[in-house]
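Take a look at the structure below.
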């Protein structure tokens, strides 16, 4: 019966693969990943399932599930669905935190059918070594690239206002990869219990963790809240305060601002922490977190968007000229600054005889952000091609 179930499982995979094997992508990382899947599926198809014992059948079951999950993500990352402009920006941010010459990760999207589910990160294909180790042991196959899965509503796949939240989700990957917040949570508890914090420190920590955070029974809650705070600050490096502004609305606005759960701090506290970071306010919490980040990842938490990128071109209905990859995320800040304080600037600059409706303002700015990033990608790819040809 186990063998027949395995045969059925693999037959279902073959049916899915017949469609997915024709996928086309924007980058070589996903191409390479799919090519490795092809070799893996061929290796399984060449096996005689009747010779397997229960342990070997379980290994194949896990591998087939791994392939199914990979195909599901790759199917949402093809050229006709993939929001490649925002992912290009995220990939640049990722390369600042993970050296691509040592480890190769590709950001992929899974499009979900609900707006309310909003955004999330799934680290299984990027960080779970079990399936990769089994594949290496059984078939001697290695995946050069791993997939970082970020889930977003399909309705917002081309929305450059809401998709700044993806920086927060990338922050979760960085946190889990370097194991930043889990040991930091223990450090906070140890420092409190060993009386290493002064009175003002205690006031600050009690504000951001309004419960008995020093007790071991609250360690999981403290760790979960730290994960959200870290990811908020990670995002703020690139897109300033605007991720938190969006979060406040989605989570229920002022009525829900002080609500906390076992996994998430209040949106009020999250916004306050981002403000402290961006204004460089004195904060033992942020300073200690910066030290923890540097010790675990070797990287620095700092503001990375450029204040030199202005929204004047957007007002003139022109894309923003992006000169370097370091300026990519600054386009989102410029767009949000314009939209957040919009007082008919586009109409005034272009001598419109009538005011634009709000949905048209959104559409114009959103399209210009897409064109700004797209122009940079085309230009930088052309420069690379010139260097290769010369």
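In full-length UniProt numbering, the protein residues as written are 1 to 390. For every residue, glycine included, the Cβ atom is placed at its ideal position computed from N, Cα and C.
Counterpart residues of residue i in DSSP-defined beta bridges
| i | result |
| --- | --- |
| residue 150 | 109 and 121 |
| residue 19 | Residue 19 pairs with nothing; no bridge assigned. |
| residue 104 | 145 |
Alpha-carbon spacing of residue i relative to residue j, whole angstroms
| i | j | result |
| --- | --- | --- |
| residue 173 | residue 93 | 12 Å |
| residue 258 | residue 272 | 12 Å |
| residue 247 | residue 206 | 22 Å |
| residue 274 | residue 244 | 8 Å |
| residue 131 | residue 125 | 9 Å |
| residue 51 | residue 38 | 23 Å |
| residue 264 | residue 231 | 12 Å |
| residue 238 | residue 330 | 7 Å |
| residue 332 | residue 260 | 28 Å |
| residue 55 | residue 10 | 17 Å |
| residue 296 | residue 102 | 17 Å |
| residue 34 | residue 8 | 22 Å |
| residue 233 | residue 313 | 28 Å |
| residue 31 | residue 195 | 54 Å |
| residue 18 | residue 171 | 35 Å |
| residue 62 | residue 145 | 19 Å |
| residue 395 | residue 91 | Because the chain here runs from 1 to 390, residue 395 falls outside it and cannot be looked at. |
| residue 128 | residue 47 | 25 Å |
| residue 240 | residue 310 | 14 Å |
| residue 87 | residue 166 | 9 Å |
| residue 418 | residue 346 | The shown model of the chain, from 1 to 390, leaves out residue 418, and the question about it has no answer. |
| residue 28 | residue 122 | 22 Å |
Cβ-Cβ separation, residue j to residue i (assumed contact under 8 Å), whole Å
| i | j | result |
| --- | --- | --- |
| residue 151 | residue 112 | 5 Å |
| residue 120 | residue 85 | So it is not a contact: roughly 21 Å between Cβ atoms. |
| residue 186 | residue 40 | Wrong, their Cβ atoms sit about 39 Å apart, outside the cutoff. |
| residue 236 | residue 278 | 6 Å |
| residue 143 | residue 36 | 5 Å |
| residue 208 | residue 269 | 5 Å |
| residue 192 | residue 214 | 4 Å |
| residue 210 | residue 157 | Wrong, their Cβ atoms sit about 37 Å apart, outside the cutoff. |
| residue 179 | residue 219 | Residue 179 to residue 219, Cβ: 15 Å. No contact. |
| residue 398 | residue 2 | For residue 398 there is no data in the structure shown, the boundaries of the chain being 1 and 390. |
Residue environment, residue i, which counts as buried when at least 16 other CB atoms sit within 10 Å
| i | result |
| --- | --- |
| residue 5 | exposed |
| residue 164 | buried |
| residue 95 | exposed |
| residue 382 | exposed |
| residue 369 | buried |
| residue 318 | exposed |
| residue 24 | exposed |
| residue 155 | exposed |
| residue 363 | exposed |
| residue 45 | exposed |
| residue 316 | exposed |
| residue 76 | buried |
Would you be able to state if there are at least three C-beta pairs under 8 Å between the stretch 215-228 and the stretch 311-330? Taking 8 Å as the limit for Cβ pairs, the verdict is that the stretch 215-228 does not touch the stretch 311-330.
Taking 8 Å as the cut-off, does the stretch 323-339 touch the stretch 368-379 (at least 3 CB pairs, one atom from each stretch)? Verdict: yes, contact present.
How about the stretch 137-151 and the stretch 101-108: do they share at least three Cβ pairs that are nearer than 8 Å? The stretch 137-151, when compared against the stretch 101-108, does touch it at the 8 Å Cβ threshold.
For the stretch 282-294 and the stretch 333-342, state whether three or more C-beta atom pairs, one from each stretch, are separated by less than 8 Å. The stretch 282-294 is not in contact with the stretch 333-342.
Tell me whether the stretch 290-300 and the stretch 177-193 touch, counting them as touching only if at least three CB pairs, one residue from each stretch, are closer than 8 Å. The answer is yes - the stretch 177-193 touches the stretch 290-300, with three or more Cβ pairs under 8 Å.
Three or more C-beta pairs below 8 Å linking the stretch 62-76 and the stretch 15-34: Output reads yes: the stretch 15-34 touches the stretch 62-76.
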